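Single-structure report; data block below.
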Amino acid sequence: MWMQQHAGEQVPEEVFRLCEQAVRSLNNGSFGPDSAAFVHWVHVELLRTEGPPQKHRSEDEWRALFPRYPSSSTDDGYLLCFEPSNVDGIREALQKFGLCVVRVLTASQCEETVIGMFEEVNALRAYYGVVGPPVDPHNAATWQSENWPSKNRYLVKDRALHKQAFANRCNGCIYEVFAAIFRERRLHVSVDNWGIARGARDNPDWAVALRPHWDVSPWRFVEDVQQGLDPGYQGLVALTDQNLETGCHLTLPGCTHFMEQWCAERRQDWVGANQSFKAAEDDPVVPYMQPVPLRRGEMVIWSCGQLHASIGSSSQDMRLVQYIRMYPAPEAGCKVNYEGRDPHGCVRALKRCFETGELTQAAIDSFGLDALGKRLLALESWDAEASTAVLA
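Sequential numbering of the sequence shown, starting at 719, is according to the numbering used here.
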């Protein structure tokens, strides 16, 4: 009864004590000190089986919870984008909105990356014996599903291993941004994938869109924050211009501030600590998500506590991205085991690549990585002297 009348509120200890008294009176006081444990057990079971009631909010209340990320000053349909040197702006945006947009690659770097992406795609086609013309990002006739090296809806394998993919992972602008976010310069970088979405104007089946989800368990995120831990961040770099027509990133600004309350109003579902969690289609927060159009060369970085998704294409053009994120290396001594949590963490990912033969030491050597790049990829350690030399 109390929970129904106080939807969205934490049950105070006074209510638990009154319940304990009622239990003891119904059992002639025979429960003794076990009555408290019994009452708390019943409460947990109610939350698990029925879930807590959700608080009803007005449209204005919902909008106040999820403020819009600002548009660019030129009002060109894109969003406010920071330079990597604007440390205060980046931190303030992440704190308020749970995301920020930063310019990290030049136009020529984006062009080189797209060339490298399709060199890798077509090399894999040859390796797997795929018959047909090379995939050309500017020729939709080559985009048929049977012409790709992977038959999953993402069209590519688990990791981008082209030289240019590694150059972007070790990019100085991206490094400086994450160093500012974590206030820590001993970082590692993920070895993650390309993102390829075909233009779907003439083929609606190609309009792939991700459902709203969190990359980690919402309950795990809240637990980390309550313990004073930083759960970390995700990121993607736009290699082509991305808007509502081509499809783009979609997020819920301010979501991180609402997560504790969100969890308090929902039945806790079992989900692995490192597994993604999908929002219910009728969750009242979903309509307040905001599209994040990006110019090529811009990177959106978002907290692991952000509900996010993507919009499917209605354009004739491809949408191309590279997923990159950085996190404190073990040498930083953080309480969070970022390396262990991240399935695309460089230690685990490169070990797997060497074991399968996807990468060799000769290939790594051919990338021409500098000292910073080797440390970001855990190929060299972040000892104190090395850190000082690289980051002075």
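The beta carbon of each residue, even a glycine, is placed where N, CA and C say it ideally should be.
If you're wondering where the values come from, they're calculated on a predicted model, not measured in any experiment.
Between the beta-carbon of residue i and the beta-carbon of residue j, is there less than 8 angstroms?
i, j, result
"N911", "Y1041", "yes"
"G917", "A858", "yes"
"W924", "S1031", "yes"
"A1096", "V1065", "yes"
"V822", "V895", "yes"
"Q960", "L1012", "yes"
"S1021", "L812", "yes"
"L817", "I1019", "yes"
"P936", "C981", "yes"
"V955", "V1010", "no"
"Y1006", "R735", "no"
"Q882", "E830", "yes"
"H705", "T1074", "Since the first residue shown for the chain is 719 and the last is 1110, residue 705 is missing from the structure and cannot be characterised."
"R877", "C1071", "yes"
"F836", "F1085", "no"
"N840", "G850", "no"
By DSSP's criteria, residue i is part of a beta bridge. Which residues make up the other side?
i, result
"L1077", "According to DSSP, L1077 bridges with nothing at all."
"C818", "I1019"
"V955", "M1017, Q1040"
"L968", "P1009, A1027"
"P1046", "L905"
"W932", "F995"
"S789", "L797"
"Q960", "L1012"
"G946", "G946 is not bridged to any residue."
Measure from the alpha carbon of residue i to the alpha carbon of each residue in the options, then state which is nearest.
i, options, result
"S776", "D1101, D794, V1003, Q960", "V1003"
"L783", "D987, H931, M977, S1021", "M977"
"G890", "Q1034, L970, L1087, A1047", "L1087"
"F815", "L797, T831, L947", "L797"
"A997", "D794, P1009, D933, K1053", "D933"
"G847", "P867, F1072, V909", "P867"
"I808", "N921, R901, V926, P1009", "R901"
"P802", "A883, H931, I892", "I892"
"F995", "E983, H975, H967, Q1024", "Q1024"
"G953", "E1098, K869, D1000, V820", "V820"
"R1043", "V907, D1001, N840", "V907"
"A915", "S1028, V909, E732, A844", "S1028"
"R984", "E941, D1001, G950, H975", "D1001"
"N886", "V909, D876, N865", "V909"
"P930", "P922, D942, Q1008, Q944", "Q1008"
"E1049", "A1081, D987, L1094", "L1094"
"D1035", "C966, H975, P1061, A1081", "C966"
"R951", "T792, E738, T974", "Looking at the sequence provided, one finds Tyr at residue 951 rather than Arg. Out of T792, E738, T974, T974 has the C-alpha closest to the C-alpha of Y951."
"M1017", "K869, S1099, Q993, F800", "F800"
"H774", "Q979, S791, L1077, D1083", "Q979"
If you follow the beta strand (DSSP E) that residue i is in, where does it begin and where does it stop?
i, result
"A906", "Reading off the sequence, residue 906 comes out as His, not Ala. Its beta strand (DSSP E) spans residues 905-907."
"W912", "912-915"
"L798", "Looking at the DSSP string, L798 is not in any beta strand (DSSP E), and its letter there is neither H nor E."
"L1038", "1037-1041"
Roughly how far, in whole angstroms, is the beta-carbon of residue i from the beta-carbon of residue j, given that I think they are within contact range, below 8 angstroms?
i, j, result
"G1015", "A825", "6 angstroms"
"R904", "A1047", "5 angstroms"
"G1063", "E1057", "5 angstroms"
"G972", "P788", "Between P788 and G972 the Cβ distance is about 13 angstroms, and since that is not below 8 angstroms, they are no contact."
"T964", "S1033", "4 angstroms"
"V832", "P855", "6 angstroms"
"R1037", "T958", "6 angstroms"
"V1054", "D920", "About 46 angstroms; that fails the 8 angstroms criterion."
Starting from residue i, follow the alpha helix (DSSP H) in both directions and report where the run begins and ends.
i, result
"N886", "881-887"
"T974", "973-982"
"E1098", "First-last for E1098: undefined, no H or E at that position."
"E1057", "1056-1059"
"D1088", "Counting along the chain, D1088 falls outside any alpha helix (DSSP H), and DSSP gives it neither H nor E."
"W780", "777-783"
"C828", "825-846"
"Y872", "No alpha helix (DSSP H) contains Y872, which DSSP labels as neither H nor E."
"C1052", "Careful: C1052 lies outside any alpha helix (DSSP H) and carries neither H nor E."
"A898", "890-900"
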